[in-house]
Amino acid sequence: MEISVKRGHAHEQKTACLVVGVHAGKRLGSAAELVDKAMRGALTRLVKRGDISGHLSETLMIPEAPGTGAERVLLVGCGKPDGIKAAEYLQLVQKVARTIADAGLKNAVSCLSDTHVRDRDLGWKIRQTCSAFGGGAYRFDQMKSKPSKRAQFARLGLLVGAEEFAEAQQAANTARCLLSGMGLMKDLANLPGNHCPPSHLAETARDLGKAHKSLKVTVLERAEMEKLGMGSLLAVARGSVQAPKLVTLEYSGCPDKSRPIVLIGKGVTFDSGGISIKPGAAMDEMKYDMTGAASVLGVMKALAELSLPINVVGVIPAVENMPDGNAIKPGDVVTSMSGQTIEILNTDAEGRLILCDAMTYAARFEPEVVIDIATLTGACVIALGSHASGLLSNHDDLADELLAAGEKAGDRAWRLPLWDEYQKQLDSPFADMANVGGREAGTITAACFLSRFAKDYRWAHLDIAGTAWTSGKAKGATGRPLPLLMEFIIGRANLGS
Ligand code: BES
Ligand code: MN
Ligand code: ZN
Numbered sequence: 047m048e049i050s051v052k053r054g055h056a057h058e059q060k061t062a063c064l065v066v067g068v069h070a071g072k073r074l075g076s077a078a079e080l081v082d083k084a085m086r087g088a089l090t091r092l093v094k095r096g097d098i099s100g101h102l103s104e105t106l107m108i109p110e111a112p113g114t115g116a117e118r119v120l121l122v123g124c125g126k127p128d129g130i131k132a133a134e135y136l137q138l139v140q141k142v143a144r145t146i147a148d149a150g151l152k153n154a155v156s157c158l159s160d161t162h163v164r165d166r167d168l169g170w171k172i173r174q175t176c177s178a179f180g181g182g183a184y185r186f187d188q189m190k191s192k193p194s195k196r197a198q199f200a201r202l203g204l205l206v207g208a209e210e211f212a213e214a215q216q217a218a219n220t221a222r223c224l225l226s227g228m229g230l231m232k233d234l235a236n237l238p239g240n241h242c243p244p245s246h247l248a249e250t251a252r253d254l255g256k257a258h259k260s261l262k263v264t265v266l267e268r269a270e271m272e273k274l275g276m277g278s279l280l281a282v283a284r285g286s287v288q289a290p291k292l293v294t295l296e297y298s299g300c301p302d303k304s305r306p307i308v309l310i311g312k313g314v315t316f317d318s319g320g321i322s323i324k325p326g327a328a329m330d331e332m333k334y335d336m337t338g339a340a341s342v343l344g345v346m347k348a349l350a351e352l353s354l355p356i357n358v359v360g361v362i363p364a365v366e367n368m369p370d371g372n373a374i375k376p377g378d379v380v381t382s383m384s385g386q387t388i389e390i391l392n393t394d395a396e397g398r399l400i401l402c403d404a405m406t407y408a409a410r411f412e413p414e415v416v417i418d419i420a421t422l423t424g425a426c427v428i429a430l431g432s433h434a435s436g437l438l439s440n441h442d443d444l445a446d447e448l449l450a451a452g453e454k455a456g457d458r459a460w461r462l463p464l465w466d467e468y469q470k471q472l473d474s475p476f477a478d479m480a481n482v483g484g485r486e487a488g489t490i491t492a493a494c495f496l497s498r499f500a501k502d503y504r505w506a507h508l509d510i511a512g513t514a515w516t517s518g519k520a521k522g523a524t525g526r527p528l529p530l531l532m533e534f535i536i537g538r539a540n541l542g543s
């Protein structure tokens, strides 16, 4: 999707669809007033007649707009004229983007950035509008023999006032880079397991490294991981014919060698459960078990395109979890890179087994903070559903910073406790710890397990099992938690400059 910032008069915009707002109480917004004049009072008549009243997210498509440069006008309810909440604006732009996508239109110009949103600036409104339209325009038809005939939304114009132009352009540029990272992330997550084994994640990282000088990519193979003593990660890989990879992407945007943010993304390219095999229903969805990894790749791409002044390292442990004669079995004990031993009671709790070695490995980058991102537990879906990612950390300030970033980006997380009392659920009579802690508090005990490998740095864990994809008929990757992560990183980059 192309994004361009426009200035000038609303009624002069040449577009398939001009989006203008009407406030509650039947009051036309400033752009709508201009269009109304050009259309000889047509909008006023429609509002008077009661076809639209201005309540939040109401829409009215007007199929003709004589006197203007637009083929049609989408009139949108913008709620109270004195301002709406951030969440209401998100709802509004999503509704608009959906309406325009459903109408099969290829381009539009939005005049909605004149809507007042409490505690949010123009840049935020521009970014959220782009993200909503970008989401509506996204398609995954790589796997179809013929591309779909349905028109795809391709060009978004954003009309702003002359004095807002520079700020709006900067926000649009940020939005463009975010959408580019988001596109890569969603494509990878949506790719089926047979087209996206660990080697594909490694290849994708290498391609990013070739495209951007600021990105250095290294891929460790099985033999190198053996030398490092990654017995836990390699244990999971044993059941698959697909070779495991440990992918590292180092983005240097800040030459002063300041400590990097390290992002670790779970890259299980398919999770059958292994010998503790999963039931058949919806098992196909376990192709998304590498969305943590995909979000790291998406973030690195966006960062490199944005040239943000900050250092970030992405680490991706990538494996496929399969049952096989050579696979790990319940009861097996393995030694992690940290030296701690693990009794594997359930081979389906494989995410933590690969993450723990990646976390030990991450210490070599002398991180400022480490954040791991993982579709880690079904229990998180039960606890929080699809609206919030689970956040666990023992560092209150880091947790607060991530929660605030999610809130601002419209990609929320919710914190769960990581109290010591939960740790004993991982006791094992045979090893230093078990890899599962029973049915109770499954998301928390999974994080407790990880916390034992995060002793040397500040760390937070995001469980995205419920937020990373939509299940059922309209299944597909959501692109979360890329907005949260980017908001967090942009916030840190601004602090540094
Ligand atoms: N990838 C799954 C978690 C998952 C389940 C994500 C459902 C999204 C939807 C993970 O590897 C897993 O299987 N976890 C187990 C852990 C259990 C064995 C302690 C789970 O949640 O059932
Ligand atoms: Mn599993
Ligand atoms: Zn898994």
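Okay, so the sequence shown: first residue is 47 according to the working numbering, each after it adds one. Note that beta-carbon positions come from the ideal geometry of N, C-alpha and C, so glycine has one too.
Item	Value
Contact set for V359: own chain, Cβ-Cβ below 8 Å, skip 5 residues either direction	T294, L295, E296, Y297, P306, I307, V308, L309, A408, F411 and P413
Of the listed residues A56, S353, V263 and K273, nearest to V206 (C-alpha basis)	A56
6 Å Cβ shell around R550 - same chain, five flanking residues per side excluded	Past the edges of the chain, shown from 47 to 543, lies residue 550, and the structure says nothing about it.
Cβ pair count under 8 Å reaching 3, the stretch 417-429 against the stretch 507-516	yes
Contact check, G525 vs K232, beta carbons under 9 Å	yes
Same chain, Cβ closer than 6 Å to I390, neighbours up to 5 away in sequence not counted	I374, D378 and N481
Range covered by the beta strand (DSSP E) that runs through K262	L261 to L266
CB contact flag (L225, G255, <9 Å)	no
Assigned exposure category for Q188 - 16 Cβ within 10 Å defines buried	exposed
Best match in D370, L354 and L343 for proximity to D253 [C-alpha to C-alpha]	L343
Inside the stretch 209-271 only - alpha helix (DSSP H) runs reaching at least 4 residues	211-236 and 244-257
Distance between beta carbons of E267 and L280, contact taken as under 8 Å	That belief does not hold up - the Cβ atoms of L280 and E267 are roughly 11 Å apart, past 8 Å.
Neighbourhood of E58 by C-beta distance below 7 Å, restricted to the same chain and skipping five residues each side	G115
Selection from P475, A523 and S286 that minimises the alpha carbon distance to Y334	A523
Within-9 Å CB hit, L120 to chain B	The chain inventory of the structure shown lacks chain B, comprising one protein chain alone.
DSSP state of Q491 mapped onto helix, strand, coil	A quick correction: the sequence has Thr, not Gln, at residue 491. Here T491 sits in helix by DSSP.
Contact set for E117: own chain, Cβ-Cβ below 6 Å, skip 5 residues either direction	A62
Backbone secondary structure at W505 - three-state DSSP	strand
Y503 Cβ short of 8 Å to the ligand BES heavy atom set	no
Backbone CA spacing between R538 and R461 [nearest angstrom]	21 Å
Among G125, H101 and L92, nearest to P109 - alpha-carbon criterion	L92
Which residues DSSP lists as bridging E389, in chain order	V379 and A480
Other residues of its chain near R86: CB distance less than 8 Å, five sequence neighbours each side excluded	G113
Any non-hydrogen atom of the ligand BES closer than 8 Å to M332 Cβ	yes
Any non-hydrogen atom of the ligand BES within 8 Å of A425 CB	yes
Distance between A404 and P363 (C-alpha atoms, nearest Å)	6 Å
L126 beta carbon near the ligand MN (any heavy atom closer than 8 Å)	Sequence inspection shows Lys at residue 126; the Leu mentioned does not correspond to that position. No, the Cβ of K126 stays beyond 8 Å of every heavy atom of the ligand MN.
Contact test: V482 Cβ vs the ligand BES heavy atom, cutoff 8 Å	yes
Limits of the unbroken beta strand (DSSP E) element including R545	With the chain covering 47 to 543 only, the question about residue 545 has no answer from this structure.
Reduced DSSP category for V345 - H, G, I as helix; E, B as strand; rest coil	helix
Inter-residue CB distance, N219 and R284 (contact presumed, cutoff 8 Å)	With 8 Å as the limit, N219 and R284 do not qualify as a contact, their Cβ atoms being about 46 Å apart.
First through last residue of the alpha helix (DSSP H) which encompasses K94	A88 to R95
P355 in three-state terms, based on DSSP	coil
Whether V265 touches L292 by CB criterion (9 Å)	yes
Between the CA atoms of I146 and V65 - distance to the nearest angstrom	10 Å
Opposing strand residues paired with A154 [DSSP bridges]	L202
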